[in-house]
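Please read the structure below before turning to the comments.
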Amino acid sequence: LVSGRAEKALGVLDVLRSREENNIEVENAFGACLIQLGRDDEAQSILQPYASDSVVSENLALI
């Protein structure tokens, strides 16, 4: 994400999401990519179930 390759990271994370359902770290990274791409509604729907996590809540605050 830091390198500015959110779209490429999104593709990799999408594969991981299919292999590791409900993995908070993967979901958070996926949501962060969506935020970087301006896809805030999608990010919010993915991140909201994990809002009690401090890192996830920081990403939600960016929306």
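Sequential numbering from 25 applies to the sequence shown in the working numbering.
Where is the CB? At the ideal position from N, CA and C, for every residue including glycine.
Count the other CB atoms, across all protein chains shown, that sit within 10 Å of the CB of Leu-71; report buried if there are 16 or more and exposed otherwise.
buried
Using the three-state DSSP reduction, which class does Ala-85 fall into: helix, strand or coil?
helix
If you measure between the beta carbons of Leu-40 and Val-50, is that distance less than 7 Å?
yes
In whole angstroms, what separates the C-alpha of Tyr-74 from that of Arg-29?
24 Å
Identify whether Glu-45 lies in helix, strand or coil by the three-state DSSP scheme.
coil
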